[in-house]
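**Student:**
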Amino acid sequence: MSSSWEQFEELIKQEMKRIYSEAVVEHSMNPKNLGDLEDADGFGRVTGPCGDTMHMWLKVKDGTIANATFLTDGCGTTLASGSMVTEMAKGKSLAEAQRISQEKVLNALGGLPEESQHCALLAADTLKAAIRDYLIVKKEPWKKAYQKYIGH
Ligand code: FES
Numbered sequence: 009m010s011s012s013w014e015q016f017e018e019l020i021k022q023e024m025k026r027i028y029s030e031a032v033v034e035h036s037m038n039p040k041n042l043g044d045l046e047d048a049d050g051f052g053r054v055t056g057p058c059g060d061t062m063h064m065w066l067k068v069k070d071g072t073i074a075n076a077t078f079l080t081d082g083c084g085t086t087l088a089s090g091s092m093v094t095e096m097a098k099g100k101s102l103a104e105a106q107r108i109s110q111e112k113v114l115n116a117l118g119g120l121p122e123e124s125q126h127c128a129l130l131a132a133d134t135l136k137a138a139i140r141d142y143l144i145v146k147k148e149p150w151k152k153a154y155q156k157y158i159g160h
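Residue numbering for the sequence shown follows this note's numbering, starting at 9 and increasing by one per position.
The following block contains the structure:
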């Protein structure tokens with residue numbers, strides 16, 4: 009028999025499924041890759057026009073994204089977007105990951121209501137910022153020490 013918490017969770021899921029796709033509900037209720045990464049090779053932080061911020065950390069091996077994690081103070085659809093973007097980025101080359109657009113994230117999520125579509129853009133933009141950071145540090149490795157100092 010399920011606990012009252014599980015029943016409550018199920019109720020929320022059923023309510024959410026009236027508005028959102030199955031993928032959005034799953035990724036917002038059980039986000040993947042949530043948290044920071046020790047010794048990340050790339051870091052991105054972007055604040056969207058709505059005021060929500062996303063942080064993303066990358067581990068890169070041989071030009072491929074070996075791991076990607078994120079944190080956000082945004083809403084459920086922002087969580088779902090960060091979760092999906094990090095899943096999409098893992099295992100991709102940097103060039104492929106750079107091409108992960110808002111549209112691709114929206115497709116992978118099975119769409120978002122119009123008023124939430126900017127959440128997918130925030131996630132795609134944060135991934136691009138983290139890749140950019142990786143490339144800058146690779147070219148100028150001394151910047152890594154500075155970034156550590158300022159709290160990356
Ligand atoms: Fe602000 Fe989703 S509501 S990014």
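Virtual Cβ for every residue (Gly too), placed ideally from N, Cα, C.
I need the residues with a C-beta less than 5 Å from some heavy atom of the ligand FES; please give them in chain order.
**Tutor:** GLY56, CYS58, ASP60, GLY82, CYS83, THR86, CYS127, LEU130
**Student:** For the beta strand (DSSP E) containing GLY50, name the first residue and the last one.
**Tutor:** 50-55
**Student:** Which of helix, strand or coil does DSSP assign to ILE27?
**Tutor:** coil
**Student:** Just to confirm, is the Cβ distance from MET64 to THR86 under 8 Å?
**Tutor:** no
**Student:** Helix, strand or coil for TRP65? Go by DSSP, reduced to three states.
**Tutor:** strand
**Student:** With which residues is LEU42 paired in a DSSP beta bridge?
**Tutor:** PHE78
**Student:** Quick one: residues in its chain with C-beta nearer than 6 Å to the C-beta of ALA31, no 5 flanking neighbours on either side, listed in chain order?
**Tutor:** LEU117, GLY118, listed in sequence order.
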